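If you read the sequence shown in full-length UniProt numbering, its first letter stands for residue 1, the second for the next number, and so on. Heads up, the beta-carbon is just placed ideally off N, CA and C, and yes, glycines get one too. No experiment lies behind these values; they were computed from the predicted model shown.
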Amino acid sequence: MSSQTPADSTNSIENYEKLIRERDELNVQGRQETQLKVVSDVQLRLNRSLQTVRQSLDCRKCHGLLFQPYGLVCEHSVCARCLVELKEESNPPRCPKCYTEILLPPIFSPHLHAMAVSYAAYKGDPIPPPVEFIWPEPKPELIEKGIKRYADEKR
């Protein structure tokens, strides 16, 4: 015969129920801790990705966002505001990053512009007003010189 009384049996069941509740609470707490770790990791990765995106949208002269970006023959990009300044600073103007002469007209990059606008909107930053920008047609000898230099650099 068992030496347990009905009161012992009730206490035993209550103890088991208590153990089950504690285990469930630990499981919930463990899941919450895991979820917090996952969210923190995702936020860290997102911040790193945003830093990479921001660096790729960096004007090579002013280091601001590339609004109205123009690609140069050297494959660097500058914003229209800085391109106007470069044109006024020297003749022929030079890339602020590698100092290559800008002999051919810069090319507007709508994709970089759209990315800069989206990034600014995401961050809540203002978008500057457009800059009036006209690049003069190059002289034929400058076109020839630019094409030759570009071909030589690609070899």
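For the alpha helix (DSSP H) holding residue i, just list the boundary residues, first then last.
i	result
Y99	Y99 -> no alpha helix (DSSP H), and no H or E assigned at all.
Terminal residues of the continuous beta strand (DSSP E) containing residue i?
i	result
P69	P69 to G71
Assign residue i to one of three DSSP states: helix, strand, or coil.
i	result
I107	strand
R94	strand
D125	coil
P140	helix
E132	coil
Give the DSSP bridge partners of residue i, in chain order.
i	result
C79	P69
D152	Looking at the DSSP assignment, D152 forms no beta bridge with any residue, so it has no partner.
D58	L65
Using a threshold of 8 angstroms, state whether the C-beta atoms of residue i and residue j are closer than that.
i	j	result
F133	L83	yes
W135	P106	yes
L57	L112	yes
L86	I143	no
I147	F67	no
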